[in-house]
Structures are given as C-alpha cells and as structure tokens.
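Residue numbers (this note's numbering): 3 to 471.
All residues carry an ideal CB built from backbone N, CA and C; glycine is no exception.
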Amino acid sequence: YMADVYLNGQHIGSHEGGFTPFQIEITGFVKAGDNALIIRVDNQRRKDGIPGMGYDWFNYGGITREVNLIEAPLEFIDDYFIQLAKNSNSVVSGWIRLNGSDSKENITIKIPELKINYTTQTSENGFAEVRFSGKFHLWSPDDPKLYKVIIASANDTVEDEIGFRNIQVSGSRILLNGKPIFIKGVNIHEERPIQAARACTEADALILLNWAKELGCNLVRLAHYPHSEHIVRLAEKMGIMVWDEIPVYQHIEFASSGFRKKMENMMNEMMRRDRNRCSVVVWSLSNETYTTTPERSEVLVEMTEKCRAQDSSRLITSVLSNQKYENNTFEVWDPICRLLDIICINEYLNWYVPRQGNPSETRWKFIVEKPLIISEFGGEAKFGSDYGPGDEAAWWNEEYQENIYREQVEMFAVTPNLVGVCPWLLVDYRSPVRMHPLYQGGYNRKGLLSEFGEKKKAWFVIRDYYKSR
C-alpha cells in the first residue's frame, strides 16, 4: 500500500494508502521527447500501517485503479464543494479553490437546467466561498436526479454531474430530504464475483450494484476501505446511497508515531474524492477498534471533529463491536457514541456469540439516545450445503444461516431507535484467514450469494424483510 513514482529515473513522489487517489506534479521533471514514467507499488502490510496486520480480506497487489496523465493550464480549478447546506433543501453552501492563482478572480457556476448563473470571487490565495439558492429536484433512491454543473474560471472549465439532497438526524430518526428513511443496506467488498479479482471496472460495479438492487437495498456499505470511483458514481446514478469508510480496522496501532497524520490524510483523500457525490451519506472513520489504549478514543474524537469541520452535511460514524451482551441484553457503552451522528454496531448472535434468549425479548441499553444501525450481522454457510442439523452452527449449512437471519428479523422488530440494517454481506469473498478445508477454502462464506452469484436461503429472508419496510 506504498507507491513510489519515478520519472526518467528520478524519484518524484510517494504515497501511502492503497484505496484513495493521489496526484504527483511532474511539470518540472518532464523533458522534450520520450519520457519514462515508472510507478512502483508494494502491498506489504505493516504493523503501523492503515490497515495494519489484522484484516479479513484478500490483500491484492499491483495497480488496481486508473492512472491518468493530466494536462492543465498554469492556473486551474483544483477542487470544489457544491452541495446543499446542512438541513436545507434549497441553499447550496460550498467553495471553489484555484491552483496557481495569486490575485482575485471571478468564478462562475452554471446549472443550465435550472437557469442558474452564479458568480463569486476568489481571494488572493485562490479560494472562493459559494452560496446560492435553487429550486432543486432533490435526489433520492426513488428518483436519483442529477444536474449538469459547469464551473469556470478565466483559464479553466470543469463539468460535473451533481445531485442535491439533504441527509440529517432528528432525534432517533434519519431524515432524507426531510422525510424519515429506513436504511436497507448491504456490505460489499471490492471483489469481482466469479473471477476472484479486484472489482476495478464499471462492469464489475454494475454486477454488484444490480445484485444489491435486486435484494431491495437503498444503501451499500463499501467495506472496509474506499472502493473505486466507478461504484460510487454508478450507485449515484442508480439511486443507491453509499457509506464510505477508511481502513482503520482492528488491531490498529493508534499510539504509533505518525498514525494520526496517516489517518487524517486518508480521511481527507476519501472526502476530497467523494464530497460532491450526493449518494455518499455516511463518512465512517473506523470499524471494530478496541478501547485497549487511551490513544484509540483520543484519535477517534480528534478525527470525528476534523471530519465534521470539513463536512457537516453528512452523517459521521465509527462502527463498534465492543457492546456488552448479557442476559439477552445489549449494552452500548462506548463514550465515542456521544460524538457520532449514528450508532453503528456489529453483532453476530448465533455465530460468534450464542443467543441468550428469545429474539423478541432482546433488550437494549444505550449510553446516549441516537439512531441505531446494525451494521453487520450474519453467519457462514456454503452454498448448496444441506448436510447436518439446521440448528447447529458446526455444519455450515444454509438452513442454519437462514435461521440466524430469521431470528435477526424478529429481533429488529423490538430494537429501539433502529433506523437501518446492513447484513454481512452480499457475496462470499476471498480471505487468507478463512481456511476451513471443507467449507471455506480461502473464502469468507457469510455472503447472501456465493462467489458465483448463487442465492442462499438467507438471501430471501432479507429480500422479503426489505420488501416489508
């Protein structure tokens, strides 16, 4: 997850992190005639890396995202943020930043369909605030409306397709465009079905998203790292909300030198790429981290505050798995919950943890009253396996997985503050820690679908549940 860039034999830049875009300026290194550009990548995991040594997915190597050579004028539009202001359905609040500008300059934003022609002016350092109103047809899963947006400076023009929507928390509910919404999600790893490779093309993304739509989903959680831009943009066009996450995942060395800078950089790069994608409704800053050191909570508090300062228009969370479960009661106690917009927990009752009572009698205690999403649940089953009793986990059969899901649905009905669920996961995927020779063979088998797209019995339980919501 390290990249080094060489031009004509000279090292001109490095980047750490395998899932977010980066840019290297080559202007001063290019010569007339032929040039040799070399990118050296290394997928070796490091104890102080992000992610670290603990992970449950296949560690693909090589270059799995696009490499582009971009020519721009000396003064160009470097970045922009054009989205609705928090809690507003009509007011855009954002900014534009020029690169190479040293004087004040007019910038125009045009949305031809709405006859919007807005002008703002940069400061001497190239930064311009943006604020204007419009009668927007709001984006939603049922009606994923996008507008052509044209941003122009004196020397550069950028076109984008941008949607406008408002996502917010009100009490224990999530509101989309002012109306309550129930999150019908599914977790996805960035793996190409059938071929067991990185899902790095639009065609790969289309397969996964079509399966999610068939299941009845209105959201995909892109676990546990930012997936390619193809799936984010395609989800936006298809009316699927997106949960973006950085790979701060289990056994992370929060106290290691330079960790905070690495994490902040990955968070910033994720936000920079996707902040104009209205389908992205959740920024997730970690998954299943443990309170074994004081630095863990200190870092998550700091990064949550920095994330919110950059973009308060989305929901911010960190996914927890340290809740207490005793006497058929969940106690969600982690103090980090106080800073989050939504509480998200992973629980695997009847797979890693035996259920302690009737699903309909499950009780909950929260350190703070906020919306709850059960962000992971499920169990493993090999597609087509019907051997052994359906009430024993040891046989990895579809009936046992199906029963896990039926009991989860029964529990959901009595779960307070529940605003969404997100089963783990859509498709079986490769993992080097899943080596049961009979049932796994290097695959995590918690998918609702096999790696070949075959529907397990649990698929139909979730499909029917989503139809009922």
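| said: Using the three-state DSSP reduction, which class does Cys346 fall into: helix, strand or coil? | reply: strand
| message | Does the CB of Tyr3 have a neighbour CB from chain D at under 7 Å? | response | Judged by its chain identifiers, the structure shown contains no chain D, having just a single protein chain.
| Whole runs of the beta strand (DSSP E) within the segment 57-119, excluding any shorter than 3 residues | Taken in chain order, the complete beta strand (DSSP E) segments of 3 residues or longer contained in the segment 57-119 are 78-83, 93-101, 108-113.
| task | Give the straight-line distance between the Cα atoms of Arg471 and Ile464, rounded to the nearest whole angstrom. | result | 11 Å
| message | To the nearest angstrom, how far is the alpha carbon of Gly2 from that of Glu371? | response | Nothing can be reported for residue 2, as the shown portion of the chain is limited to 3 through 471.
| request: Kindly provide the ranges of any beta strand (DSSP E) runs that are 3 or more residues long and lie completely inside the segment 144-201, ordered along the chain. | output: 149-154, 159-164, 169-172, 175-178, 185-190
| task | Inspect the beta-carbon positions of Trp335 and Pro418 and report whether they are closer than 7 Å. | result | no
| said: On the DSSP letters alone, give me the boundaries of the alpha helix (DSSP H) that Ser506 sits inside. | reply: As displayed, the chain neither begins before 3 nor continues past 471, which places residue 506 out of reach and without an answer.
| request: State whether the segment 141-159 contacts the segment 330-345, with contact taken as three or more CB pairs (one from each stretch) at a distance under 8 Å. | output: no
| query | Between the beta-carbon of Gly392 and the beta-carbon of Glu382, is there less than 7 Å? | reply | no
| task | Quick one: measure Cβ to Cβ for Tyr8 and Ile40, integer angstroms, because I've assumed they're closer than 8 Å. | result | 4 Å between Cβ atoms; contact.
| field | Reduced DSSP category for Phe368 - H, G, I as helix; E, B as strand; rest coil | value | strand
| query | What residues in its chain sit with their C-beta under 6 Å from that of Ala396, if we drop five residues either side in the sequence? | reply | Excluding positions up to five away in sequence, the list is empty.
| query | Helix, strand or coil: how does DSSP classify Arg274 here? | reply | helix
| said: What would DSSP say about Trp335, mapped onto helix, strand or coil? | reply: For Trp335, the three-state secondary structure derived from DSSP is coil.
| query | In this structure, does DSSP put Gln410 in helix, strand or coil? | reply | helix
| Identity of the residues DSSP links to Leu317 by a beta bridge | Val284
| request: Closer than 7 Å by C-beta to Asp246: which residues in its own chain qualify, once you throw out the five before and the five after it? Chain order, please. | output: The beta carbon of Asp246 is closer than 7 Å to those of Leu224, Pro228, Met272, Asp276, Val282, Val284, Trp285, Ser286 in its chain, skipping five residues each way along the sequence.
| query | Taking all protein chains shown into account, do 16 or more other C-beta atoms lie within 10 angstroms of the C-beta of Tyr354, making it buried, or fewer, making it exposed? | reply | exposed
| query | How is the beta strand (DSSP E) around Val301 delimited, first residue to last? | reply | First-last for Val301: 296-312, but that is the alpha helix (DSSP H), not the beta strand (DSSP E).
| task | For Gly51, count neighbouring C-beta atoms within 10 Å of its own C-beta (all shown protein chains included) and say buried if the count is 16 or more, exposed if not. | result | By the neighbour-count definition (other C-beta atoms within 10 Å, threshold 16), Gly51 is a buried residue.
| Buried or exposed: Leu428, going by 16 or more other Cβ atoms within 10 Å of its Cβ? | buried
| message | Let me check one thing: in DSSP terms, what residues is Lys326 bridge-paired to? | response | Glu333
| Beta-carbon separation of Leu116 and Gly136 under 7 Å? | Gly136 sits close to Leu116, with the two beta carbons spaced by under 7 Å.
| request: State the DSSP-derived secondary structure class of Ile52, mapped to helix, strand or coil. | output: coil
| field | Paired residues, beta bridge with His13 - DSSP | value | Tyr8
| said: With H, G and I counted as helix, E and B as strand and the rest as coil, what does DSSP make of Ile209? | reply: Secondary structure at Ile209: helix, using DSSP grouped into helix, strand and coil.
| Taking DSSP as the reference, what is the three-state secondary structure of Ala34? | Under the three-state reduction of DSSP, Ala34 is assigned to coil, being neither helix nor strand.
| Thinking C-beta only, is Asn352 closer than 7 Å to Ser323? | no
| said: For Gly443 and Ile254, what's the separation of their Cα atoms in angstroms? | reply: Distance between the alpha carbons of Gly443 and Ile254 is about 27 Å.
| His13 burial status per 10 Å Cβ neighbour count (16 or more: buried) | exposed
| query | Mapping DSSP to helix, strand and coil, what is Phe138? | reply | Note: Phe138 maps to coil in three-state DSSP.
| query | Buried or exposed: where does Lys523 fall if 16 or more other Cβ atoms within 10 Å of its Cβ makes it buried? | reply | The structure shown does not extend to residue 523, since the chain spans only 3 to 471, so no value can be given for it.
| In terms of residues, what are the limits of the alpha helix (DSSP H) holding Glu231? | That run of the alpha helix (DSSP H) goes 231-240.
| Under a three-way DSSP split, which group does Tyr402 fall into? | helix
| request: Mind checking who Asn446 pairs with in its DSSP beta bridge? | output: According to DSSP, Asn446 bridges with Tyr431.
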